[in-house]
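In this note's numbering, the protein residues as written are 247 to 359.
Yeah, the Cβ is synthetic: ideal placement off N, Cα and C, and Gly gets one too.
This one's a predicted model, so the numbers in the text were calculated from it and none came from an experiment.
Just below is one structure, and these are the notes that go with it.
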């Protein structure tokens with residue numbers, strides 16, 4: 247295409263970073279609404295550090311998963327199984343999202359029962 251490699255990497259890595267934070271924004275808003283008033287800043291700092299830790303751990307877990315299923319630089323026969331495991335782990339939090347209360351009145355009603 248005639249695009250220099252350096253320009254491609256810089257533009258797309260920046261674009262992916264911006265898209266990631268847009269993806270994270272609804273979660274941050276939900277966390278700010280659910281936390282007690284006065285500790286929003288501490289909670290957002292915790293979420294930011296947990297996000298940074300997840301980026302670090304995802305690299306290690308990716309290497310461990312590829313070693314577990316037998317994916318090497320020359321043998322990709324275990325790749326479908328690795329992709330299936332990765333897809334299941336990606337969808338699993340959707341099940342856990344049912345534990346989040348709909349609003350604050352719902353959680354108050356549960357405490358009274």
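- Within the model, the alpha-carbon separation for residue 316 versus residue 334 is close to 18 angstroms.
- Boundaries for residue 282: no alpha helix (DSSP H) harbours it, and the DSSP string shows neither H nor E there.
- According to the DSSP assignment, residue 308 belongs to the alpha helix (DSSP H) that extends over 286-315.
- Here DSSP, grouped into helix, strand and coil, assigns residue 346 to coil.
- In the three-state reduction of the DSSP assignment, residue 322 falls in the coil class, being assigned neither a helical nor a strand state.
- Take residue 324, set aside five residues on each side of it, and the residues of its chain with a beta-carbon closer than 6 angstroms to its own are 315, 316, 317, in chain order.
- With a contact defined as Cβ atoms closer than 8 angstroms, residue 297 and residue 270 qualify at about 7 angstroms.
- Proximity to residue 301 across 288, 277, 289, 263 peaks at 263, based on C-alpha coordinates.
- Under the three-state reduction of DSSP, residue 256 is assigned to helix.
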